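Quick mapping for you: the protein sequence lines, in order, are chains A and B.
The first sequence maps to residues 73 to 522 in my numbering.
The second sequence maps to residues 73 to 522 in my numbering.
Every residue, glycine too, gets a C-beta built ideally from N, C-alpha and C.
Just so you know, these numbers come straight off a predicted model, no measurement behind them.
Note sheet for the following structure.
Number of protein chains: 2
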Amino acid sequence: MGRRIVIIGAGAAGASAAARARRLDPEAEIVMFDKGPFISHAPCGIPYYVGGVVKEAADLAIYSPEEFARERRVDVRINAEVTEIDLRSRTVKVREGNTTNTYQWDKLIIATGAKPITLPVEGSDLKGILTLRLPHEAPVLRAEVERARVVAVVGGGYIGLEMAEALVNLGKKVILFEMMPHVLPTTFDEDMAKLVHDELAKHGVELHLNEKVVGFSGVNGEVRKVITEKGEYEVDKVVMGVGVRPDTDLAVKAGIKLGETRAIWVNEYMETSEPDVYAAGDVAETWNLITGKRMYIALAPPANKMGQVAGANAVKGRFLKFPGVIGTAITKVFDLYVARTGLTERQAREEGFKPVSATIRARTTAHYYPGGVQVSIKMVADEPSGRVLGVQIIGPDKIVAGYIDTAAALIGRGATIDDVFFADLSYSPPTAPVWHPIITAARVLSKGRF
Amino acid sequence: MGRRIVIIGAGAAGASAAARARRLDPEAEIVMFDKGPFISHAPCGIPYYVGGVVKEAADLAIYSPEEFARERRVDVRINAEVTEIDLRSRTVKVREGNTTNTYQWDKLIIATGAKPITLPVEGSDLKGILTLRLPHEAPVLRAEVERARVVAVVGGGYIGLEMAEALVNLGKKVILFEMMPHVLPTTFDEDMAKLVHDELAKHGVELHLNEKVVGFSGVNGEVRKVITEKGEYEVDKVVMGVGVRPDTDLAVKAGIKLGETRAIWVNEYMETSEPDVYAAGDVAETWNLITGKRMYIALAPPANKMGQVAGANAVKGRFLKFPGVIGTAITKVFDLYVARTGLTERQAREEGFKPVSATIRARTTAHYYPGGVQVSIKMVADEPSGRVLGVQIIGPDKIVAGYIDTAAALIGRGATIDDVFFADLSYSPPTAPVWHPIITAARVLSKGRF
């Protein structure tokens with residue numbers, strides 16, 4: 073029997089780490105614990121289950137624990153909550169059913185993920201204030217909102233917007249509160265976010281911007297009102313979408329170092345401050361390839377990749393390096409696809425760049441080909457160097473995903489405005505205009521150079 | 073009055089050159105000649121006009137000559153055929169109506185485009201053997217095929233396939249001849265092209281591979297039969313799609329140097345062998361960014377960019393450089409989007425690389441999100457260096473365009489398999505699986521590294 077790899081958390085990062093460790097080391101003993109009943113769970117799918125697009129909550133997981141255990145030869149322990157990491161004895165304590173067991177590890181991978189932020193305001197513990205956590209809780213969430221007529225959504229980030237759409241699809245009256253002047257406040261510039269405001273209004277979402285929720289009040293322990301700086305609103309349920317924070321409780325208790333973002337500090341090998349202890353996914357810190365600075369981002373694709381790196385390095389030493397992220401993300405808000413990569417104009421300015429930007433509207437097909445739609449693209453570059461820093465794209469066609477990935481590929485590899493202009497992108501009348509929208513954005517941004 | 077820029081040809085490259093020269097030099101006198109009645113014409117749109125997707129042939133042009141002349145302050149001469157370039161006297165002779173006029177130039181831009189290859193076989197001058205040339209001829213082409221019941225398409229390249237679809241849409245019986253073992257013989261590997269064969273068969277196209285057309289026979293000067301090495305086929309019309317070659321007649325007569333591909337030799341500034349003479353677009357040679365070798369490619373996006381470079385440099389000296397191409401292209405064949413970039417596996421081997429490849433099938437959405445479809449992706453890399461050399465993608469969703477552009481952006485900037493794996497691409501359940509299909513291809517190609 074080989075060394076024992078213990079993995080805490082069986083979400084994207086944990087499951088990826090387990091699979092990778094097994095692939096690279098057929099001898100290792102791999103034990104993966106999850107406090108819930110699912111593994112490789114996809115919290116990103118919850119809004120689609122709540123809104124009825126996905127019929128079964130169990131569909132949100134890629135593997136059943138049994139399949140994963142069999143196919144990967146991993147000892148998968150579900151409903152098993154790790155309660156303590158002991159670095160000196162190299163053990164974890166695990167609550168399984170009514171007993172607490174101790175497991176020894178040679179390598180430990182912490183993949184405990186993130187948890188929803190709760191507002192530190194009066195009434196936030198009332199019943200009927202709901203959060204999205206894990207797929208197995210989704211049926212409860214859905215049953216709760218199904219009985220409601222009016223639902224408040226607190227927070228205009230990705231989860232808040234996706235839940236607003238899901239609730240409208242269920243026929244609910246939705247009131248969305250965002251304390252900042254626009255939705256997606258940390259990921260989009262205001263000029264672009266306004267397109268999302270219009271889409272929300274078009275679908276009947278009552279949008280309250282610049283309006284901070286300061287409390288909740290209830291009757292018999294059940295929430296009945298959202299209280300903001302500006303007023304009070306009668307609601308039947310509240311869905312919280314004010315963001316997540318890394319679930320570092322175990323790591324902190326064990327004395328593992330956190331980074332400046334309060335996620336677990338890791339280097340590019342996903343090594344923590346402690347020997348033989350790795351962290352990956354939403355619990356771990358990452359860094360921005362453009363600024364070089366540490367950042368926290370809780371998204372499944374980097375979580376999967378960080379998991380792969382941690383799993384590989386746990387069995388092979390310094391075998392893989394995680395290069396960092398540029399913050400590519402996409403969501404769907406009713407009929408709009410809303411995508412971004414790199415830095416917004418505001419972020420670029422805050423980071424000390426001298427940003428210039430161009431915003432264009434472009435068609436998704438040749439002008440004469442039927443079915444094309446208009447998408448909006450904002451491109452941000454650093455004026456002195458010409459380096460493209462970020463792109464935001466919003467439009468009613470899934471091709472927005474393709475455009476943002478193209479932009480992400482270019483930005484991630486240091487492209488300048490000239491490089492984007494000359495990128496050899498595809499063209500045919502049904503699929504693009506002859507000047508590709510991303511290239512048109514670069515042309516406009518070049519201020520006459522092209 | 074500034075210097076006089078003369079541009080021969082008002083297609084993609086010529087019109088782009090004119091627009092760019094004007095923008096960068098408000099004083100220059102710019103004269104653009106085209107032998108046809110349209111400018112900024114889009115031959116790529118002709119199949120969609122013939123098939124009835126586009127209603128008016130005039131819609132295929134972006135600008136009318138009058139608009140372009142007015143907005144760009146360019147002297148646009150349509151129905152004006154340049155018959156001679158004189159390098160010594162720096163003049164061109166132009167047939168306009170019944171007269172031939174001589175125009176002096178300070179800078180000359182040759183953008184005469186490409187012309188269809190005609191087969192040197194018996195009967196190839198019969199009536200009813202049709203070629204796609206310029207949009208203003210499209211109504212004639214359409215009227216001709218409308219009367220037919222059985223139409224042969226000769227050549228299984230992009231134009232041949234697009235015309236086959238257009239003809240099926242018009243209710244014609246289509247027989248497609250390709251002398252090579254598979255369609256798209258120079259741009260796709262056989263294993264991928266087979267997916268196109270299936271799609272053609274599904275839509276009733278009678279596909280004859282490995283079958284060279286050796287002649288045509290007719291009655292009263294009208295084509296009636298296609299004669300191949302293997303048999304004879306009764307047809308009403310024939311559409312030729314055996315490719316194009318650069319229309320270099322004027323350049324050759326003037327003594328301007330051709331490159332090894334028989335297109336006009338140009339450097340990265342679009343300068344020809346002769347001082348103050350530029351060439352751009354389908355008449356000019358380009359080079360492959362991956363192999364560094366000279367190549368000929370007749371596609372609108374590089375033509376536009378070469379035009380921009382020629383137009384800019386004609387007025388500003390060595391202001392812009394054209395970096396070359398990687399051969400990105402896409403077409404639609406019935407319900408399939410068929411796209412490629414870089415080198416095929418066969419090309420990679422011929423160019424002296426040691427290619428490895430992986431072919432995957434991947435879904436376009438999260439597994440639980442409805443509406444996802446499967447696409448096929450083949451990725452080719454150089455084994456010793458890990459550099460990704462090419463990608464081919466085929467599937468029934470327009471997102472194929474987004475995937476190929478993402479791959480093109482990565483390949484164009486020298487990405488290795490590792491770089492592709494770690495590219496920060498977007499994810500949301502409606503738009504992609506959590507492992508993006510391009511990343512999955514890189515994973516499989518990494519042979520266990522990821």
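Residue i touches chain A at which residues, Cβ-Cβ below 8 Å?
i, result
"Lys-377(B)", "Phe-493 and Phe-494"
"Leu-507(B)", "Sequence check: residue 507(B) is Trp here, not Leu. Per Cβ cutoff of 8 Å: Pro-373 and Asn-376."
"Tyr-341(B)", "Simply none; closest approach about 14 Å."
"Gly-117(B)", "Ala-438, Tyr-440, Tyr-441 and Pro-501"
"Asp-131(B)", "His-439 and Tyr-440"
"Ala-114(B)", "Ala-438, Tyr-440, Pro-501 and Val-506"
"Ala-84(B)", "Val-506"
"Val-295(B)", "Within 8 Å Cβ-Cβ: nothing; Val-295(B) doesn't reach chain A, min ~28 Å."
Under the DSSP definition of a beta bridge, which residues are partnered with residue i?
i, result
"Met-104(A)", "Ile-79(A) and Val-148(A)"
"Arg-366(B)", "Trp-359(B)"
"Phe-249(A)", "Val-226(A) and His-280(A)"
"Thr-258(A)", "BP columns for Thr-258(A) are empty, so no partner."
"Thr-300(B)", "Val-285(B)"
Candidates the options: which alpha carbon is nearest residue i's?
i, options, result
"Gly-153(B)", "Ser-161(B), Glu-139(B), Arg-144(B) and Glu-168(B)", "Note on identity: in this sequence residue 153(B) is Glu, with Gly being the wrong assignment. If we check each option's Cα against that of Glu-153(B), Glu-168(B) comes out closest."
"Asp-354(B)", "Leu-408(B), Asp-270(B), Leu-239(B) and Ile-80(B)", "Ile-80(B)"
"Lys-309(A)", "His-280(A), Lys-199(A), Arg-149(A) and Leu-180(A)", "Lys-199(A)"
"Tyr-175(A)", "Gln-380(A), Ala-183(A) and Lys-165(A)", "Lys-165(A)"
"Val-255(A)", "Lys-266(A), Ile-247(A) and Lys-245(A)", "Lys-266(A)"
"Val-226(B)", "Lys-393(B), Leu-242(B), Ile-247(B) and Val-148(B)", "Ile-247(B)"
"Ala-372(A)", "Arg-76(B), Val-506(B) and Asp-270(B)", "Val-506(B)"
"Val-103(A)", "Phe-140(A), Arg-205(A) and Asp-158(A)", "Phe-140(A)"
"Ile-449(B)", "Val-217(B), Thr-512(B) and Ala-384(B)", "Thr-512(B)"
"Cys-116(A)", "Glu-283(A), Lys-404(A) and Lys-426(A)", "Lys-404(A)"
"Ile-432(A)", "Gly-290(A), Met-264(A) and Ala-487(A)", "Met-264(A)"
"His-208(B)", "Pro-257(B), Leu-132(B), Gly-444(B) and Leu-408(B)", "Leu-132(B)"
"Gln-143(B)", "Arg-94(B), Tyr-120(B), Asn-173(B) and Trp-177(B)", "With the sequence shown as reference, residue 143(B) is identified as Glu, and Gln is not the correct amino acid for it. Here the closest residue by C-alpha is Arg-94(B)."
"Leu-213(B)", "Gly-232(B), Pro-442(B) and Ile-118(B)", "Ile-118(B)"
"Val-193(A)", "Val-268(A), Val-314(A), Ala-375(A) and Asn-282(A)", "Val-314(A)"
In chain B, what lies closer than 7 Å to residue i by C-beta?
i, result
"Ile-449(A)", "None at all; the shortest Cβ gap to chain B is about 14 Å."
"Ala-473(A)", "Ile-471, Gly-474, Ser-498, Thr-503 and Ala-504"
"Tyr-120(A)", "Tyr-441 and Pro-501"
"Pro-395(A)", "Phe-494"
Going along chain A in order, which residues have a C-beta closer than 7 Å to the C-beta of residue i?
i, result
"Phe-523(B)", "Only positions 73 to 522 of chain B appear in the structure, and residue 523(B) is not among them; the question remains open."
"His-439(B)", "Ile-134"
"Asp-97(B)", "None at all; the shortest Cβ gap to chain A is about 12 Å."
"Thr-400(B)", "Asp-496, Leu-497 and Ser-498"
"Thr-259(B)", "Within 7 Å Cβ-Cβ: nothing; Thr-259(B) doesn't reach chain A, min ~12 Å."
Along chain B, which residues have their Cβ under 9 Å away from the Cβ of residue i?
i, result
"Ser-136(A)", "Simply none; closest approach about 13 Å."
"Ala-482(A)", "The residue you asked about is not Ala; residue 482(A) is Leu in the sequence shown. Near Leu-482(A) (Cβ distances below 9 Å), the residues of chain B are Ala-481, Leu-482, Gly-484 and Arg-485."
"Ile-247(A)", "The contacting residues do not exist; Ile-247(A) stays about 24 Å from chain B at best."
"Tyr-409(A)", "Ser-500, Pro-502 and Thr-503"
"Val-516(A)", "Those within 9 Å of Val-516(A) in chain B number zero; the least Cβ separation is about 12 Å."
On the DSSP letters alone, give me the boundaries of the beta strand (DSSP E) that residue i sits inside.
i, result
"Arg-317(A)", "316-318"
"Glu-218(A)", "No beta strand (DSSP E) contains Glu-218(A), which is instead part of the alpha helix (DSSP H) from 210-218."
"Ala-54(B)", "With chain B covering only 73 through 522, there is no way to say anything about residue 54(B)."
"Ala-351(A)", "349-351"
"Gly-467(A)", "460-467"
"Val-381(A)", "Looking at the DSSP string, Val-381(A) is not in any beta strand (DSSP E); the run it does join, the alpha helix (DSSP H), is 372-388."
"Lys-309(B)", "309-312"
Tell me where the alpha helix (DSSP H) around residue i begins and ends.
i, result
"Met-342(A)", "Looking at the DSSP string, Met-342(A) is not in any alpha helix (DSSP H), and its letter there is neither H nor E."
"Val-122(B)", "118-122"
"Lys-329(B)", "Counting along the chain, Lys-329(B) falls outside any alpha helix (DSSP H), and DSSP gives it neither H nor E."
"Leu-96(A)", "84-96"
Can you name the residues of chain B whose CB is closer than 8 Å to the CB of residue i?
i, result
"Lys-404(A)", "Ser-500, Pro-502 and Thr-503"
"Val-226(A)", "In chain order: nothing, as chain B lies at least about 21 Å away."
Note to self: In chain order, what are the residue ranges of uninterrupted alpha helix (DSSP H) at least 4 long that sit wholly in the region 398-454 of chain A?
What the structure shows: 417-422
Next item on the list: Please go through the region 484-520 of chain A and give each complete alpha helix (DSSP H) segment of 4 or more residues, from N-terminal end onward.
Entry: 489-494 and 509-517
Next item on the list: Could you tell me which uninterrupted beta strand (DSSP E) segments, each at least 3 residues in length, are contained entirely in the region 132-205 of chain A, listed from first to last along the chain?
Entry: 147-149, 152-158, 163-168, 171-176, 179-182, 186-188 and 201-203
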